[in-house]
Amino acid sequence: MKTEKIVLCAFGAALTFLATVIIVLPMPAMGYVNFGDSIIYLFACILNPLAAFFVGGVGSALADIYLGYTQFAIFTLIIKGIEGLLVAYLFKKISKKFRGVAFVCGAILMIAGYYVTDVILLQDFVAALPSIQGNLVQGGVCVVFALLAYQPFVRIASKYKKD
358 MKTEKIVLCA FGAALTFLAT VIIVLPMPAM GYVNFGDSII YLFACILNPL
408 AAFFVGGVGS ALADIYLGYT QFAIFTLIIK GIEGLLVAYL FKKISKKFRG
458 VAFVCGAILM IAGYYVTDVI LLQDFVAALP SIQGNLVQGG VCVVFALLAY
508 QPFVRIASKY KKD
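According to our numbering, the sequence shown holds residues 358 to 520 in order.
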């Protein structure tokens with residue numbers, strides 16, 4: 358892996374961490390709403406799926422640990438990592454006109470992943486249901502933000518990316 362790619366992955370993970378911890382809106386059920394998914398989606402547009410896994414998984418899991426949500430950290434590493442991987446893969450496979458669908462698929466995966474996580478932690482399918490609402494809000498807001506930021510982000514990233 359080239360030095361530039363390693364730096365880009367580390368920068369993406371750091372930005373994901375910051376976007377997750379700077380604006381934290383605690384949810385009544387469990388967890389919190391943040392803007393980290395937007396950063397995962399944006400970096401997934403310019404990285405390969407494995408690099409996007411790193412950006413999403415590591416940046417988000419470190420944020421959980423930092424914010425005191427340690428019980429979620431391993432789940433977050435897996436969920437957000439797969440979210441980044443999925444978005445990067447789909448983004449490259451879907452025609453340019455419909456690439457936003459990749460972001461929506463990532464959000465759906467995140468919502469489902471955290472529902473399963475809450476079922477595991479709470480050991481109750483019904484008690485885990487309220488987390489879906491907060492994750493729907495987070496997913497929706499992050500998809501919209503990523504769609505709005507996509508063009509400027511790609512324009513800036515293309516000046517620094519050498520592949």
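Glycine is no exception: its CB is placed at the ideal position from the N, C-alpha and C atoms.
Simplified DSSP assignment, three categories, for residue i
i    : result
D520 : Confidence at D520 is low in this model, with a pLDDT of 48, below 50, so its placement is unreliable and no value can be given for it.
V483 : coil
L404 : coil
P509 : helix
V381 : coil
Y389 : strand
G496 : helix
Beta-carbon separation (whole angstroms), residue i vs residue j, contact threshold 8 angstroms
i    : j    : result
S395 : A503 : 5 angstroms
G457 : K437 : About 19 angstroms separates the two Cβ atoms, so there is no contact after all.
I397 : V511 : So it is not a contact: roughly 15 angstroms between Cβ atoms.
Y507 : S488 : Between S488 and Y507 the Cβ distance is about 28 angstroms, and since that is not below 8 angstroms, they are no contact.
Buried or exposed by the 16-neighbour rule on C-beta atoms within 10 Å, applied to residue i
i    : result
L365 : buried
E440 : buried
Proximity to residue i [Cα-Cα], best of the options
i    : options                : result
V345 : V390, P385, C462       : In the structure displayed, the chain extends from 358 to 520; residue 345 sits before or after that span and is not available.
V444 : V500, D475, Q490, Y471 : V500
P406 : T427, V476, L372, G463 : G463
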